[in-house]
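Each residue of the sequence shown is one higher than the last, beginning at 83 in my numbering. Note that CB positions come from ideal geometry on N, CA and C, so glycine has one too.
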Amino acid sequence: MTRQDAAMTTPAAEKPPLEVLLCSPRGFCAGVVRAVDTVERALALYGPPVYVRHEIVHNRYVVESLKAKGAVFVEELDEIPDTDAPVVFSAHGVPKTVPEAAAKRNFFALDATCPLVSKVHREAEIHHKRGREIVLIGHAGHPEVEGTMGQLPPGAMTLVETVADVERLTPRDPSKLAYVTQTTLSIDDCTQIIAALTRRFPEIVAPHKEDICYATTNRQEAVKSVAPRVDALIVVGAPNSSNSKRLQEVAERAGCPHAQLVQRAGEIDWTKLAGIRRLGLTAGASAPEVIVEEIIDAFAERYAVTVETVSGATESMFFPLPRQLRELDKAADTAAE
């Protein structure tokens, strides 16, 4: 009998107690809901295949679920054959060269870029038109960063990841400088980098409204409130999900003795959770609630679990589907009347 089998057969009365503090808000944000719904609606309207450039969101469960319905994921457009099928751009955004290449091949392109990422793209373009050199605060190699930098000609934007990068920065004209940020950064890290930028370059132009998205901010604040109260914290999310990794870092900085980032219950490192009595649980913005429930069930096999939701900000943000899908839905509704 395995340890898990033994745990499942242990009477509830013999299980050690465990209080789970469930962070709220957690999980899917409006941008992720829009991106996933874009793929699912395209599949419903056109049938498979629906091609998706890059993972629609950084979550294996979501990607595999969409694959099972007929979505085909590619990294570059040249992997897609000549087709009339929809081609969806991921929530992270893409360089301008991608929709240009799609247009040359007459693809039916659906842009599922999160509107808050598109806002950063527009800000960068405005700064560029006004003759400003742009500093992008973000993580090298992340698709959102690649998409944002790809909105402008090479050399128009400089990426900084740390305060040390700011200290080495040598702009062409310090009086004509602006900054934008990746939407999924650690608020605290970003604040330090912005402080360094404004100290070195007092005339630098800031965004009209903070670029770090509401969902990233709200999930980090919820973790900060729970982290000092628990023995360990689980973040449901993918290792390539920026906002999920930041939640793990935020938990540890806020006083949580141990934080784990897991995609599924099978990835939990139980050896590092021995003796815990109170657990924090949250999910990154691209992690579905079904995995949160799976994690709770996994702990319920080993502990007598009670769950308390710790509520923070209330979220009501909604983003409509891409225009082409809205028009098709409207036409379908009209035809049905």
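Residues bridged to residue i [DSSP beta-bridge criterion]
i              : result
alanine 183    : In the DSSP output, where bridge partners are listed per residue, alanine 183 has none listed.
glutamine 406  : Bridge partners of glutamine 406: none, in fact.
tyrosine 296   : In the DSSP output, where bridge partners are listed per residue, tyrosine 296 has none listed.
proline 99     : Ala386
arginine 346   : None; arginine 346 has no bridge partner.
cysteine 105   : Val392
glutamate 263  : Looking at the sequence shown, residue 263 is not glutamate but threonine. Threonine 263 pairs with Ile219.
isoleucine 316 : Gln342, Leu363
8 Å Cβ shell around residue i - same chain, five flanking residues per side excluded
i                 : result
serine 200        : Gly175
aspartate 166     : Phe190
valine 392        : Leu103, Leu104, Cys105, Ser106, Ala304, Ser307, Val308
threonine 240     : Glu215, Ile216, Val217, Leu218, Leu251, Pro253
glutamate 390     : Glu101, Val102, Leu103, Leu104
cysteine 272      : Ile219, Thr263, Ile294
aspartate 379     : Ala347
lysine 178        : Gly232, Gln233
alanine 88        : Legend: pLDDT at alanine 88 = 42, less than 50; position of this residue unreliable, no value from coordinates given.
phenylalanine 381 : Leu100, Val102, Leu361, Val387
arginine 359      : Pro98, Pro99, Leu100, Glu101, Asp313
glutamate 249     : Ala278, Arg282
N-terminal and C-terminal residue of the alpha helix (DSSP H) that residue i is part of
i              : result
cysteine 272   : 269-282
proline 289    : Run containing proline 289: none; DSSP gives neither H nor E here.
valine 312     : Unbroken run through valine 312: none, as it is neither H nor E.
proline 131    : Here proline 131 belongs to no alpha helix (DSSP H), and DSSP marks it neither H nor E.
valine 170     : Looking at the DSSP string, valine 170 is not in any alpha helix (DSSP H); the run it does join, the beta strand (DSSP E), is 168-171.
asparagine 325 : 324-335
proline 163    : First-last for proline 163: undefined, no H or E at that position.
leucine 198    : 197-211
valine 227     : 225-231
threonine 250  : It should be noted that the sequence gives arginine, not threonine, for residue 250. Segment 245-250, the alpha helix (DSSP H) holding arginine 250.
Closer than 8 Å to chain B by CB, residue i
i             : result
threonine 120 : Absent from the structure is chain B; it holds one protein chain and no more.
Per-residue burial, residue i [other beta carbons within 10 Å of its own, 16 or more giving buried]
i                 : result
valine 305        : buried
proline 168       : buried
arginine 339      : The question names arginine, yet the displayed sequence has proline at residue 339. Classification for proline 339: exposed.
glutamate 349     : exposed
asparagine 300    : buried
serine 126        : At residue 126 the sequence reads alanine, which differs from the serine that was named. With fewer than 16 Cβ atoms within 10 Å of its Cβ, alanine 126 is classed as exposed.
alanine 124       : buried
alanine 222       : exposed
glutamate 226     : buried
proline 402       : exposed
serine 268        : buried
proline 404       : buried
glycine 362       : buried
serine 398        : exposed
arginine 408      : exposed
threonine 188     : A quick correction: the sequence has asparagine, not threonine, at residue 188. Per the 10 Å Cβ criterion, exposed.
phenylalanine 400 : exposed
threonine 195     : buried
aspartate 193     : buried
lysine 327        : buried
For residue i, the first and last residue of its enclosing beta strand (DSSP E)
i             : result
aspartate 193 : 190-193
threonine 240 : 239-242
isoleucine 35 : Only positions 83 to 419 of the chain appear in this structure, which leaves residue 35 out of reach.
arginine 360  : 360-365
alanine 153   : 153-156
Spatial neighbours of residue i in its chain, beta-carbon cut-off 7 Å, leaving aside the 5 residues before and after
i             : result
arginine 85   : In this prediction, arginine 85 scores a pLDDT of 41, lower than 50, which makes its location untrustworthy; the coordinate-derived value is nonetheless stated afterwards. Nothing meets the Cβ criterion.
alanine 258   : For the record, residue 258 in the displayed sequence is lysine; it is not alanine. If we look at lysine 258 and ignore the five residues flanking it on each side, its Cβ neighbours are Gly213, Arg214, Glu215.
alanine 184   : Leu159, Val169, Ala191
valine 245    : Gln274, Ile275, Ala278
glutamate 161 : none
threonine 92  : Residue placement at threonine 92 is poorly supported in this model, since its pLDDT is 49, which falls under 50; the coordinates are not used for a value here.
Beta-carbon proximity list for residue i, same chain, < 6 Å, skipping 5 on both sides
i              : result
leucine 355    : Ala314
alanine 297    : Cys111, Ala367
methionine 90  : In this prediction, methionine 90 scores a pLDDT of 46, lower than 50, which makes its location untrustworthy; the coordinate-derived value is nonetheless stated afterwards. These residues qualify, in order along the chain: Glu383.
leucine 148    : Val121
asparagine 325 : Thr266, Thr298, Gly366, Ala367
histidine 224  : Ser324
methionine 83  : The predicted position of methionine 83 is uncertain, since its pLDDT is 37 and thus under 50; no value can be drawn from it.
valine 154     : Pro131, Tyr133
Inset, instruction - Give a yes or no on contact between the stretch 280-299 and the stretch 260-268, applying the rule of three or more CB pairs nearer than 8 Å. - result: The stretch 280-299, when compared against the stretch 260-268, does touch it at the 8 Å Cβ threshold.
Legend entry - Segment contact, 8 Å Cβ cut-off, at least three pairs: the stretch 303-320 with the stretch 359-369: Verdict: yes, contact present.
Legend entry - the stretch 231-249 / the stretch 203-213 touching (three or more Cβ pairs under 8 Å): Three or more pairs of CB atoms, one per stretch, sit closer than 8 Å, so the stretch 231-249 contacts the stretch 203-213.
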